[in-house]
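K.L.:
Numbering (my numbering), first residue to last: 770 to 905.
1) For the segment 851 to 865 and the segment 878 to 885, state whether three or more C-beta atom pairs, one from each stretch, are separated by less than 8 Å.
2) Which residues in the same chain as residue 902 place their Cβ atom closer than 8 Å to its Cβ, once the five residues preceding and following it in sequence are excluded?
3) Is the CB-CB distance between residue 878 and residue 827 below 8 Å?
4) Which whole runs of the beta strand (DSSP E) in the segment 771 to 846 are 3 residues long or more, in chain order?
5) Can the beta-carbon of residue 815 be found less than 8 Å from the beta-carbon of residue 831?
6) Taking only runs of the alpha helix (DSSP H) that begin and end inside the segment 860 to 888, which ones reach a length of at least 4 residues, in chain order?
7) So for residue 854, helix, strand or coil by DSSP?
8) With H, G and I counted as helix, E and B as strand and the rest as coil, what does DSSP make of residue 892?
9) Nearest chain B C-beta to residue 775 closer than 8 Å, yes or no?
So this is what it looks like as structure tokens:
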């Protein structure tokens, strides 16, 4: 995923991108459910909804952590606790773990709306979920 031209894929084949995104989220959800460490971290977070929006392509996805489970899908959630926006490359980097959430924010790789303290609590869980999305 990191080496593919996501920006082009999303622009030229939006329906395929939507289906692929939903499939990846389903896989991450299953893997997270099987990891006691990740599940415990998600339970401690409570309920958090996040939106991720690219500024240079139609890429828009959401992720919700609630009850120790993670779900995600194409499109933006109506109400999000945290909203991330940036280039397609940087949003994908954030989602796949090549950009650390805290370091990326400090280096202005993306912008974030929502509580900074919540962002700091979510960052380690996002990193673990990103590792799962990469197959690690």
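Glycine included, C-beta positions come from ideal geometry on N, C-alpha and C.
P.N.:
Taking the geometry as given:
1) yes
2) Counting from one through the chain shown, the residue named residue 902 turns up at place 133. Closer than 8 Å at Cβ, skipping near neighbours: 770, 793, 796, 797, 864, 865, 866.
3) Counting from one through the chain shown, the residue named residue 878 turns up at place 109. Counting from one through the chain shown, the residue named residue 827 turns up at place 58. No, Cβ-Cβ distance for residue 878 and residue 827 is not below 8 Å.
4) 817 to 823, 829 to 835, 838 to 843
5) By 1-based counting over the chain shown, the position of residue 815 is 46. By 1-based counting over the chain shown, the position of residue 831 is 62. Taking 8 Å as the Cβ cut-off, residue 815 and residue 831 do not qualify as a contacting pair.
6) As far as the segment 860 to 888 is concerned, its whole alpha helix (DSSP H) runs of at least 4 residues are 870 to 875.
7) Position 85 of the chain shown holds residue 854. Strand at residue 854.
8) Walking along the chain shown from the start, residue 892 turns up at place 123. Looking at residue 892 - three-state DSSP - the assignment turns out to be helix.
9) Here chain B cannot be found, since the structure has a single protein chain.
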